[in-house]
Each structure stands twice: as C-alpha cells, then as structure tokens.
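Structure, as structure tokens:
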Amino acid sequence: MACGGILVALDTTDVAVAKGWARATRDSVAGLKLGLEFFNANGPTGVAEIASLGAPVFLDFKFHDIPNTVAGAVRAVAPLKPMILNLHASGGAAMMRAARDAARDSAARLGAAPPKLIGVTVLTSLGDADLAEVGQPDGASDQVRRLAALTQACRLDGVVCSPHEIVVLRRDLGPDFLLVTPGVRPAWSAAGDQKRVMEPRQAVEAGADYLVIGRPITGAADPAEAARRIAAEITGVPA
Ligand code: C5P
81 MACGGILVAL DTTDVAVAKG WARATRDSVA GLKLGLEFFN ANGPTGVAEI
131 ASLGAPVFLD FKFHDIPNTV AGAVRAVAPL KPMILNLHAS GGAAMMRAAR
181 DAARDSAARL GAAPPKLIGV TVLTSLGDAD LAEVGQPDGA SDQVRRLAAL
231 TQACRLDGVV CSPHEIVVLR RDLGPDFLLV TPGVRPAWSA AGDQKRVMEP
281 RQAVEAGADY LVIGRPITGA ADPAEAARRI AAEITGVPA
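Okay, so the sequence shown: first residue is 81 according to our numbering, each after it adds one.
Here is the structure:
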C-alpha cells in the first residue's frame with residue numbers, strides 16, 4: 081500500500097494529556113498509538129476513552145509470553161477494536177499462530193474486523209552492540225529479516241521494523257506485508273534513545289506503510305505544528 085501516514089505515539093500516563101495530543105494532531109495523522117505507559121496507567125477504560133475520539137488506534141502492547149497467555153491477552157483486548165495490535169516475533173511461531181487465531185476468532189464473535197496483527201522484529205533502540213550483549217551477534221539486519229520472514233510464515237499481517245530495514249523487507253516479503261516503522265526523526269528533532277533512525281520522507285520513499293512518531297510531535301512546544309510539519313515533509317506538500 082501507499083504510505084498510510086503517521087501514527088502518533090501518545091506516551092503518557094495522563095488521559096487528558098493524551099487527548100490533548102490526539103486533538104491537536106487529528107488533521108495531520110492517520111491514527112493514534114497507545115503503548116505500555118498509557119495502558120498500565122489507564123487500562124482498557126483509558127484506551128476506550130481515547131478510541132472514542134474516533135481515530136484508528138494501534139495498541140502497541142508488544143505481547144511476549146507463552147502461546148496460551150498471549151492468545152488470552154489478544155482476546156482480552158479485542159473489544160477495544162484496535163486497527164493494529166502487535167507482539168514480539170521473538171516469542172516464536174506457536175505464539176504468533178495462537179495470537180492470530182485468537183484475533184480472528186474474537187473479531188468474528190464481536191462482528192468486527194480483526195486487527196492487523198504485526199510482529200515486533202528488533203526494537204529500534206537496539207544497535208548491533210546491544211544485540212551482541214543479549215546473544216545475537218549477527219547484528220540487527222539479519223535478525224530483523226529472520227523474524228520478519230517467520231512472522232509472514234505465521235500469516236500475520238506485517239512487522240514493526242526500523243526504517244533502515246524497509247527496503248530489504250519490502251523486497252523479501254512483497255507489497256502487501258505491512259511495514260510499520262518507529263525510529264523516525266525529522267532533521268530538526270533530537271534522536272533521544274532511538275539509534276537506527278531516518279527522516280520521515282526517506283522512510284516513506286523506502287516503502288513504509290505507517291510511521292510511528294512520538295517525541296518529535298508530543299515533545300514539541302507546539303505538537304499540532306510539529307505534526308503538520310512532518311505530514312508536509314511526507315507528502316512533499318508544504319504545511
Ligand atoms: O518518541 P518516539 O518517536 O521515539 O516513539 C516511538 C514509539 O514507538 C514509542 O512509543 C516506542 O514504544 C515505539 N516503538 C519503538 N520501537 C519498536 C516498536 C515500538 O520505538 N520496535
């Protein structure tokens with residue numbers, strides 16, 4: 081698919097702050113991403129409150145556990161009707177297949193479309209030296225390709241990857257496999273703890289479907305303006 085746009089990462093414990101960011105960016109983004117920080121503070125009620133604003137939601141919960149537990153977690157979040165839900169591909173094939181079946185079964189029971197279920201390959205905060213420390217001396221790109229191929233073999237919908245892996249994964253996995261990429265940094269913002277970063281326009285040109293962007297927007301003095309500016313960089317149309 082062509083780039084679907086920005087998913088803004090609402091990384092906060094405060095529902096009012098998250099709502100403020102969601103409202104400020106609504107005209108420039110494709111959806112909202114809620115992760116562990118928000119969910120652990122506010123639970124399903126908080127997620128439902130954000131979802132009620134009407135934008136599609138990516139639940140970035142990065143499940144990683146035994147298959148039975150992950151399937152149960154997928155069933156538990158199904159009523160929140162996320163557009164995208166993820167898990168760690170390194171949890172293995174049985175875990176991913178159990179999650180996929182749980183997502184389809186619970187969506188059918190709810191009469192809803194199943195979420196796009198995607199695998200996290202390697203966190204964009206990890207460089208090759210960090211991976212070597214945890215027993216993966218082959219480096220990020222090999223590990224990402226291995227996990228993305230496994231994710232596709234398990235018939236999930238796509239992966240989360242760094243912008244630097246997009247070109248190779250697009251070639252490996254074809255045009256229909258969803259590539260969602262964090263680690264996106266406009267030239268005018270700080271990298272923070274992200275290591276494998278790229279500018280928004282380059283990531284889109286490489287073939288990303290969605291760009292997950294947090295702090296360059298939510299940490300900006302004017303989040304609405306920052307989101308507009310990044311959206312304009314992506315489309316090439318001035319804000
Ligand atoms: O603030 P920043 O733009 O770095 O936010 C990126 C978001 O993407 C964070 O919410 C982070 O949890 C998430 N993420 C990531 N790397 C992954 C998967 C998700 O940075 N591999």
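The beta carbon of each residue, even a glycine, is placed where N, CA and C say it ideally should be.
Which of the three DSSP states is assigned to H168 in this structure? On the sequence shown, position 88 is the one that residue 168 refers to. Looking at H168 - three-state DSSP - the assignment turns out to be strand.
Confirm the yes/no value for this check: CB of L321, any heavy atom of ligand 1, distance under 6 Å. The chain is shown from 81 up to 319; residue 321 falls before or after that span and cannot be answered.
Of all the options W101, D91, T93, which has the alpha carbon lying nearest to the alpha carbon of R308? What you label residue 308 is simply residue 228 of the sequence shown in a count that begins at 1. Of all alpha-carbon atoms in W101, D91, T93, the one lying nearest the alpha-carbon of R308 is that of W101.
Under the three-state DSSP convention, the category M175 falls into: For this step, residue 175 is matched to residue 95 along the sequence shown. Per DSSP, reduced to three states, the secondary structure at M175 is helical.
Rounded to whole angstroms, what is the Cα-Cα separation between A110 and M163? Position 30 of the sequence shown, counted from the first residue, corresponds to residue 110. Position 83 of the sequence shown, counted from the first residue, corresponds to residue 163. Roughly 11 Å separates the two Cα atoms.
When we look at the beta-carbon of E49 and count the other beta-carbons within 10 Å, is it buried (16 or more) or exposed? Lying outside 81 to 319, the shown extent of the chain, residue 49 is not represented and no answer is given.
For P255, count neighbouring C-beta atoms within 10 Å of its own C-beta (all shown protein chains included) and say buried if the count is 16 or more, exposed if not. The sequence position of residue 255 within the sequence shown is 175, counting from 1. Looking at its Cβ environment, which holds fewer than 16 other Cβ atoms inside 10 Å, P255 is exposed.
On the DSSP bridge assignment, give the partners of A89 in chain order. Your numbering for residue 89 matches position 9 in the sequence shown. In the DSSP output, where bridge partners are listed per residue, A89 has K113.
With a 10 Å radius around its C-beta and 16 neighbouring C-beta atoms as the bar for buried, classify P243 as buried or exposed. Here residue 243 is taken as the residue at index 163 of the sequence shown, counted from 1. Buried, because 16 or more other Cβ atoms sit within 10 Å of the Cβ of P243.
Measuring CA to CA, which of I198, A271, L90, A158 is closest to I130? The residue given as residue 130 occupies position 50 in the sequence shown. Checking every option, the nearest Cα to that of I130 belongs to L90.
Is the beta carbon of P266 closer than 7 Å to that of P280? Locating residue 280 in the sequence shown gives position 200, where the first residue counts as 1. Locating residue 266 in the sequence shown gives position 186, where the first residue counts as 1. A distance below 7 Å separates the beta carbons of P280 and P266.
Buried or exposed: P159, going by 16 or more other Cβ atoms within 10 Å of its Cβ? Within the sequence shown, the letter at position 79 stands for residue 159. Exposed, because fewer than 16 other Cβ atoms sit within 10 Å of the Cβ of P159.
Taking 7 Å as the cut-off, decide whether the C-beta atoms of I293 and V239 are in contact. Within the sequence shown, residue 293 is the residue found at index 213, counting from 1. Within the sequence shown, residue 239 is the residue found at index 159, counting from 1. No, the Cβ-Cβ distance between I293 and V239 is not below 7 Å.
When you compare only the Cα positions, how much space is there between A288 and A96? The residue you call residue 288 lines up with position 208 of the sequence shown. The residue you call residue 96 lines up with position 16 of the sequence shown. Going by the C-alpha atoms only, they are around 30 Å apart.
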